[in-house]
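Asker: Take this structure first; my questions come after.
Protein chains: 2
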Amino acid sequence: MPDVPAILDRLDHEGYRLTWPRRTVLEKVVSRTKPFTSAELWEMIQHDAPTIGRATVFRTLDLLCRMGVVQRIHRDAESGRCHAYLACDERHHHHLICSNCGKVTDFHEDKTLDALVREIEQHTAFRVQGHMLELMGLCPSCQGGVPS
Amino acid sequence: MPDVPAILDRLDHEGYRLTWPRRTVLEKVVSRTKPFTSAELWEMIQHDAPTIGRATVFRTLDLLCRMGVVQRIHRDAESGRCHAYLACDERHHHHLICSNCGKVTDFHEDKTLDALVREIEQHTAFRVQGHMLELMGLCPSCQGGVPS
DNA sequence: TCCATAGAGATACCATGTATCAATAAGGTA
DNA sequence: TACCTTATTGATACATGGTATCTCTATGGA
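Sequences listed follow chains A and B, in order. Per this note's numbering: the first sequence = residues 1 to 148. Per this note's numbering: the second sequence = residues 1001 to 1148.
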């Protein structure tokens, strides 16, 4: 749950102007706790602040991605639609996305992931520089009825 | 390295017609050992078989994805461009992509990955159903000069 | 050889971004 | 407070990647 004033402060410190469209888009973005597409965001903006242009929405989204306030996530890997966005806290971490309700949980299993990367480096002789890991599953409240 | 006749057999068994455009696209696809974009493939096709339509290329690509002969991969996670394709063998596995030359190596570190998934399940109470993991790095031959 | 129909090419369309450009408004300064 | 520089805006056009539709062709079974 990122907080708006802190982000505005950062923008200010980095020389960005604190404009009304930016504040508005930022507020909409952080108010969403689940992944959203650019189209969904644009629809919200059009409804609540119809004078803001589409390009501005994309520009702000891009800015927030570069600042680490928003991450692009990859879902529906097998279909055409691929991008969604998600407001999240800074620093590197991964997402676990509920395939039923969309709830997102972060995780940081760094030790096991590092072990995995080291194993892969040994087996392949690659030098691993980065990775992308996303998990899909059922959150606790969506598991009812299917005990197994 | 998937082999064309075997894939054609599978298509045939599954009731698909073995048409010349399909064969042609399939051959082009499996002849590439590195990730390629739809635009690159379309360019190759236009050059070598200019009567094949763009829609057919996408349709065939989609069919091959559904059959598991081709996978969509996600690179340049932080930029707009996201999709590329890669001909690869069946069954679930992951890719390690050289960020310098594009060389792709598969890996199957299933045990460690399973351990990671189990840890995550314990910590988050999610039930994990699927995952997407891609690694970027330098292949052995692109590591020269940067010892560290 | 014939025939039903899956698949083809052409074309228009859609979705997601990006580039361009003149007009506007932040926010530092006099 | 008024002024000025320039980052940012909205509008518009464009680029890219993929899909829908529609008519015609040609695959492959009878």
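The C-beta atom is built at its ideal place from N, Cα and C for all residues, glycine as well.
Does the structure place the region 44-52 of chain A close enough to the region 86-105 of chain A that three or more beta carbon pairs sit under 8 Å?
Answerer: Counting Cβ pairs under 8 Å, fewer than three are found: no touch.
Asker: Helix, strand or coil for proline 147 of chain A, going by three-state DSSP, please let me know.
Answerer: Per-residue confidence for proline 147 of chain A stands at a pLDDT of 43, beneath the threshold of 50, marking its modelled position as unreliable; the derived number appears in the next sentence. Correct three-state label for proline 147 of chain A: coil.
Asker: With DSSP as the reference, label arginine 54 of chain A as helix, strand or coil.
Answerer: In the structure shown, arginine 54 of chain A sits in a helix (DSSP, three-state: H, G or I).
Asker: Rank A:Thr33, A:Cys82, A:Pro5, A:Val29 by C-alpha distance to the C-alpha of phenylalanine 58 of chain A and give the top, closest one.
Answerer: Closest by alpha carbon: A:Val29.
Asker: Which same chain residues, not among the five before or five after threonine 60 of chain A, have their C-beta less than 6 Å away from its C-beta?
Answerer: Cβ neighbours of threonine 60 of chain A beyond the five flanking positions: Arg22, Val25.
Asker: Would you give the residue range spanned by the alpha helix (DSSP H) that valine 4 of chain A belongs to?
Answerer: Counting along the chain, the alpha helix (DSSP H) containing valine 4 of chain A begins and ends at 4-13.
Asker: Of the choices A:Thr37, A:Val69, A:Tyr16, A:Pro35, whose alpha-carbon is the least far from that of valine 4 of chain A?
Answerer: Per the Cα distances, A:Val69.
Asker: Between glycine 1144 of chain B and arginine 127 of chain A, is the Cβ-Cβ spacing less than 8 Å?
Answerer: No. Outside cutoff.
Asker: Any beta-carbon of chain A closer than 8 Å to the one on glutamine 1150 of chain B?
Answerer: Since the first residue shown for chain B is 1001 and the last is 1148, residue 1150 of chain B is missing from the structure and cannot be characterised.
Asker: Between the Cα of aspartate 1062 of chain B and those of B:Met1132, B:Pro1050, B:Thr1037, B:Ala1049, spot the shortest distance and give me the residue it belongs to.
Answerer: It is B:Thr1037 whose Cα lies nearest to the Cα of aspartate 1062 of chain B.
Asker: In chain order, what residues of the same chain lie with their CB nearer than 6 Å to the CB of cysteine 1139 of chain B, ignoring the 5 residues before and after it?
Answerer: Excluding sequence neighbours, cysteine 1139 of chain B sits near Cys1098, Lys1103.
Asker: Buried or exposed, going by whether 16 or more other CB atoms sit within 10 Å of the CB of glutamate 1014 of chain B?
Answerer: Glutamate 1014 of chain B is exposed by the Cβ-count criterion.
Asker: Given a cut-off of 8 Å, decide if cysteine 1082 of chain B and glutamine 1071 of chain B are closer than it, judged by their beta-carbon atoms.
Answerer: No, the Cβ-Cβ distance between glutamine 1071 of chain B and cysteine 1082 of chain B is not below 8 Å.
Asker: Going by Cα to Cα distance, which pick from B:Ile1007, B:Arg1032, B:Lys1111, B:Met1067 is closest to glutamate 119 of chain A?
Answerer: Among B:Ile1007, B:Arg1032, B:Lys1111, B:Met1067, the Cα nearest to that of glutamate 119 of chain A is on B:Lys1111.
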